[in-house]
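Counting with our numbering, you get residues 210 to 794 for the letters of the sequence shown. Quick reminder that beta carbons are idealized off the backbone N, C-alpha and C, glycines included. Here the structure is laid out as structure tokens; the discussion comes afterwards.
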Amino acid sequence: VTTNEELRDGPLKDRRCTDVFCFLVFLVFIAAMVVVGVFGFMNGDPALIIYPHDSSGNQCGRPGTPAENYPLLYFVDPDSAKFTVCVKECPHTEAPECLPNNWVVNCKFTVKHENNKTEHIDPVDSVSFIKKVCLPEESKNAEAHEAVLQGFQDSKMVDYLDDLANSWLALVGVVVVSVVLSLVFMFLLRYLAGVVVWASILIILAAFTLFGLYMYWESSNTKYSSDNQDLFLGLGIASWVLGFIALVLFIFMFRKIELAIAIVKSAALFISETSHIVLFPLVMFFISVGIYAYWVLALLYLYSSGEMPESDIYSPIAQLTWNENLRNAFYFELVGILWINSFKIALTQFVVSYSVCVWYFSQNRDSEESKVCRGLGLGLFYHIGSLAFGSFVLAVVWLVKFVVSLLAKTHREAAESNPLIKCICGCMACFVSCFERLLKFLDHQAYIRIALTGEPFCEAARNAFDTIITHASDYIALGGVGAIFQTLGRVLITVVSSYLGYLAITHYDYYTERLDSPVMPLIVFVLFSYLVSSLFLSVYEMASDTIIQAYLLDESLNNGSTIFAPEPLLEFMQEHGHKIKKKSS
């Protein structure tokens, strides 16, 4: 059990392994994911599903087979997938070279029916789709595919792609500007957070008041019916009542809002002083890309590990049969990524939270400790079981959410005709979604607690929950204030960075001479600048949640006073008459 004395100088130094059983289960799970993937790589044959099959089972274009030089599958009968043949090119007015098979006996498209009768079918004008199949031009599907294909062949689309290639340097500049603006935004939060929050509150109150006045004025307009006048009057009064309630809440929550502002400033100060912390989520992102690539390949190989039964007439798409073990292995690999993804999020949150805790409790003394590396080591060595436990619970909720969504789609027609079923499906989806948000929040709070105290997951979650309930108003205020800056930051950084990139490609001769249109580069500018701002602001959000727990722990350990609080929190405490102690160096 962690004692107060052990936490008096910050995050627990002497730690022990927590939730060992969960660690062992997670270790077995990872080993199973790898073994199942390796089994797929050893037994799978993706070519079975990559290359289409003709009526006799020949795979069009597959290297090392008689059909290697016939890469396209042609549907001889446009209304049926029964008669297919591999061809060198899609037919137009004349039949192309082909590889005859048991059912399409020659390249004039003479087909043999099951009663051995033959029939000649004239070639149909076709277009190539994804360089694998020929689709009839007159079919509705072919029109859609032709449109897609034509879109890529169209000079305008080519120009767009050329524009992206020619504006890559501007894109790099936009990313750099986004990083700089993110750091500037964090710096400005340190000094202007209070102004922005109270200005937002005044705007909200003014909106209620002005809307009420407008509705009241409209209610006296004689061009409306008496019913509409009464409706407008009711809306105006309701708006004033809501505005008054909001005013009372803001007055009642004044101190809490001020605390939330101080925490936001502290989080911004942390990122300004420890800006390299944003690299860790970025590294985890690239690791995730590698994991997802392995996962997709493993699924592809597992799927193609089934047996392809002998058939008189083959389907264009491989119809594989799986035994029960292979089917279960595929589903295990498919669902298993949920736990891995959830664990990745848990580890990222733990490392960032630990770094914030060390920073918070080192305010009055120098700390040469590598926060990120130390946090990563603690997370993987001592608390991997706890992180696995929490991430497993969240992964299960994700799976349940997916199943509920699938059931809702399956019963959509029944729900449209039956209000009760529609209501039940809607309620289930709403409940699972709300529970997921609650669990994600509680998981994060538990990881912060583990970073501070080294407790097992269940104990950390319970203590974090008690803290949240005890200080609910503090968390509500922080959530509201945090949402303001999350939205404001993303919008400002994205808009300014993208606009500067737009100015560059529309005013510099280098770009104006090479670009056909600024549209596609601008879209990419918006995407990348939004991703950069989200990266910084996700760390800021984690830092805010951690600082409030560290601050509350600091107060509880020092009888309502504080020793380690950063400058923004010290200013808040001085303004509100809190006791402040100083820690000797």
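Applying the 10 Å Cβ sphere with the 16-neighbour rule, what's the burial state of residue 759? As a working mapping, residue 759 is identified with position 550 in the sequence shown. By the beta-carbon neighbour count (other beta carbons within 10 angstroms, threshold 16), residue 759 is buried.
Considering only C-alpha positions, which residue in the set 503, 713, 596 is nearest to residue 383? Walking along the sequence shown from the start, residue 383 turns up at place 174. Comparing C-alpha distances from residue 383 to each of 503, 713, 596 shows the shortest one belongs to 713.
Sorted by chain position, which residues of the same chain lie with C-beta nearer than 6 angstroms to residue 313's C-beta, five sequence neighbours on each side aside? Indexing the sequence shown from 1 puts residue 313 at position 104. Taken in chain order, the residues that qualify are 285, 292, 294, 320.
Simplified DSSP state of residue 292, which is helix, strand or coil: As a position in the sequence shown, residue 292 is number 83, starting the count at 1. Coil at residue 292, not helix or strand.
Look at residue 555 and residue 596 and say whether their C-beta atoms are less than 9 angstroms apart. Start at 1 with the first residue of the sequence shown, and residue 555 comes out as number 346. Start at 1 with the first residue of the sequence shown, and residue 596 comes out as number 387. Contact flag set, yes.
Put residue 363 into one of helix, strand or coil per three-state DSSP. Position 154 of the sequence shown holds residue 363. Residue confidence for residue 363 is low, a pLDDT of 45 falling below 50, so the modelled location carries little weight and cannot support an answer.
On the criterion of 16 or more Cβ atoms from any shown chain inside 10 Å, does residue 691 qualify as buried, or is it exposed? Within the sequence shown, the letter at position 482 stands for residue 691. It is buried - the Cβ of residue 691 has at least 16 other Cβ atoms within 10 Å.
So what does DSSP say about residue 268, is it helix, strand or coil? Taking the first residue of the sequence shown as 1, we reach residue 268 at position 59. Three-state DSSP puts residue 268 in a strand.
Would you grab the beta carbon distance between residue 756 and residue 472 for me? Rounded to a whole angstrom, and I think it's under 8 angstroms. Taking the first residue of the sequence shown as 1, we reach residue 756 at position 547. Taking the first residue of the sequence shown as 1, we reach residue 472 at position 263. Residue 756 to residue 472, Cβ: 5 angstroms. Contact.
If you draw a straight line from the C-alpha of residue 354 to the C-alpha of residue 290, how long is it? Here residue 354 refers to the residue found at position 145 of the sequence shown. Here residue 290 refers to the residue found at position 81 of the sequence shown. Model confidence at residue 354 stands at a pLDDT of 47, short of 50, so the residue's coordinates are unreliable; what they give is reported in the following sentence. Put simply, the backbone Cα of residue 354 is about 17 angstroms away from that of residue 290.
Output needed for residue 435: all residues of its chain with C-beta closer than 8 angstroms, excluding positions within five of it in sequence on either side, in chain order. Translated into the one-based positions of the sequence shown, residue 435 becomes position 226. Excluding sequence neighbours, residue 435 sits near nothing in its chain.
What would DSSP say about residue 485, mapped onto helix, strand or coil? Stepping through the sequence shown from its first residue, residue 485 is reached at position 276. Three-state result, residue 485: helix.
Per DSSP, residue 321 is paired with what? Position 112 of the sequence shown, counting from 1, holds the residue named residue 321. Per DSSP, 327.
How is residue 353 classed by DSSP in three states: helix, strand or coil? By 1-based counting over the sequence shown, the position of residue 353 is 144. In this prediction, residue 353 scores a pLDDT of 43, lower than 50, which makes its location untrustworthy; the coordinate-derived value is nonetheless stated afterwards. Of the three classes helix, strand and coil, the one that applies to residue 353 here is helix, per DSSP.
Curious, which full-length alpha helix (DSSP H) runs of at least 4 residues does the segment 739 to 790 contain? Here the runs fully enclosed are 776 to 784.
What number of angstroms, rounded off, separates the C-alpha of residue 356 from the C-alpha of residue 281? For the purposes of this step, residue 356 is taken as the residue at position 147 of the sequence shown. For the purposes of this step, residue 281 is taken as the residue at position 72 of the sequence shown. Note that residue 356 scores 45 on pLDDT, short of 50, meaning its location in the model is unreliable; the coordinates nonetheless yield the value given after this. Spanning the two alpha carbons is a distance of roughly 19 angstroms.
Thinking C-alpha only, which one of 739, 711, 740, 718 is nearest residue 727? Counting from 1 along the sequence shown, the entry for residue 727 is found at position 518. With distances taken between Cα atoms, residue 727 lies closest to 711.
Grab me the residues of residue 298's own chain with a C-beta within less than 7 angstroms of its C-beta, minus the 5 sequence neighbours each way, in chain order. Position 89 of the sequence shown, counted from the first residue, corresponds to residue 298. Around residue 298: 281, 305.
I'd like the ranges of any alpha helix (DSSP H) spanning at least 4 consecutive residues and lying wholly in the segment 556 to 609. Runs found: 580 to 590.
Applying the 10 Å Cβ sphere with the 16-neighbour rule, what's the burial state of residue 429? Numbered from its first residue, the sequence shown carries residue 429 at position 220. Exposed, by the Cβ-count rule.
Could you give the distance in angstroms between the alpha-carbon of residue 432 and the alpha-carbon of residue 422? In the sequence shown, residue 432 corresponds to position 223, counting from 1. In the sequence shown, residue 422 corresponds to position 213, counting from 1. In a straight line, the C-alpha of residue 432 is about 18 angstroms away from that of residue 422.
Kindly indicate the opening and closing residues of the beta strand (DSSP E) around residue 343. Translated into the one-based positions of the sequence shown, residue 343 becomes position 134. In the DSSP annotation of this structure, the continuous segment of the beta strand (DSSP E) that includes residue 343 starts and ends at 342 to 345.
Looking at residue 593 and residue 549, is the spacing between their C-beta atoms short of 9 angstroms? For the purposes of this step, residue 549 is taken as residue 340 along the sequence shown, with counting starting at 1. For the purposes of this step, residue 593 is taken as residue 384 along the sequence shown, with counting starting at 1. Cβ distance not < 9 angstroms, so residue 549 and residue 593 don't count as in contact.
Return the residue from the list 424, 525, 461 that minimises the CA-CA distance to residue 344. Taking the first residue of the sequence shown as position 1, residue 344 is located at position 135. The candidate whose alpha carbon is nearest that of residue 344 is 525.
Starting from residue 335, follow its DSSP beta bridges and name the residues at the other end. Translated into the one-based positions of the sequence shown, residue 335 becomes position 126. Residue 335 is bridged to 345.
Taking 9 angstroms as the cut-off, decide whether the C-beta atoms of residue 687 and residue 648 are in contact. For this step, residue 687 is matched to residue 478 along the sequence shown. For this step, residue 648 is matched to residue 439 along the sequence shown. Contact check for residue 687 against residue 648 fails: the beta carbons are separated by 9 angstroms or more.
Could you tell me the distance, in whole angstroms, from the CA atom of residue 352 to the CA atom of residue 300? The residue given as residue 352 occupies position 143 in the sequence shown. The residue given as residue 300 occupies position 91 in the sequence shown. Low confidence applies here, because residue 352 scores a pLDDT of 48, under 50, leaving its location unreliable and the question unanswered by this model.
Would the segment 322 to 329 and the segment 268 to 275 be scored as touching if the rule is three or more Cβ pairs under 8 angstroms? Flag = no, the segment 322 to 329 and the segment 268 to 275 do not touch.
Which residues in the same chain have their Cβ closer than 6 angstroms to the Cβ of residue 477, if we skip the five residues on either side of it in sequence? Residue 477 sits at position 268 when you count from the first residue of the sequence shown. So the list reads 395, 398, 399, once near-sequence residues are dropped.
Looking at residue 703: is its Cβ nearer than 9 angstroms to the Cβ of residue 387? Within the sequence shown, numbered from 1, the residue matching residue 703 stands at position 494. Within the sequence shown, numbered from 1, the residue matching residue 387 stands at position 178. Yes, the pair counts as a contact, with Cβ atoms nearer than the cut-off.
Going by beta-carbon coordinates alone, are residue 449 and residue 418 separated by less than 9 angstroms? Start at 1 with the first residue of the sequence shown, and residue 449 comes out as number 240. Start at 1 with the first residue of the sequence shown, and residue 418 comes out as number 209. Yes, these two residues count as a Cβ contact at 9 angstroms.
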